[in-house]
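Here the structure comes first, spelled out in structure tokens, and everything after it is commentary.
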Amino acid sequence: VQELVYLIRNDANFELAKASSIEERVPYIEIVIPGLEAINNMSSPRTLKTHLPFSFFPDQIQSKSKVIYVMRNPKG
Numbered sequence: 096v097q098e099l100v101y102l103i104r105n106d107a108n109f110e111l112a113k114a115s116s117i118e119e120r121v122p123y124i125e126i127v128i129p130g131l132e133a134i135n136n137m138s139s140p141r142t143l144k145t146h147l148p149f150s151f152f153p154d155q156i157q158s159k160s161k162v163i164y165v166m167r168n169p170k171g
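Residue numbering for the sequence shown is 96 to 171, as defined by my numbering.
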């Protein structure tokens, strides 16, 4: 899903996608590397991923961000 989102946001530019790893293009916010400093230095709009519950984020992020929620086997 993260690769699809990246490609949609970048007009399906596969060459741009091949230039860096998915971890660099769509980093986890809760992992120390690359860290919040690197995330803050990314150009906006940013695509980030997390395993944190949506309720952990401030109201400002909840109201202004677009969120894609992926769930595996919701019945199980």
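All C-beta atoms in this analysis are idealised placements derived from N, C-alpha and C, irrespective of residue type, glycine included.
Owing to the predicted nature of the structure, the values given are computational and were not obtained by experimental measurement.
Can you tell me the Cα-Cα spacing of residue i and residue j, whole angstroms?
i, j, result
"Lys161", "Ala133", "21 angstroms"
"Leu143", "Glu119", "10 angstroms"
"Ile126", "Ser138", "19 angstroms"
"Asn135", "Lys113", "22 angstroms"
"Pro129", "Val121", "11 angstroms"
"Asp106", "Val165", "22 angstroms"
"Ser158", "Ser150", "12 angstroms"
"Ile124", "Arg167", "21 angstroms"
Answer yes or no: do residue i and residue j have a C-beta to C-beta separation smaller than 9 angstroms?
i, j, result
"Phe109", "Leu99", "no"
"Pro153", "Arg104", "no"
"Val96", "Ile163", "yes"
Can you tell me whether residue i is buried or exposed, with buried defined as 16 or more other CB within 10 angstroms of its CB?
i, result
"Pro148", "exposed"
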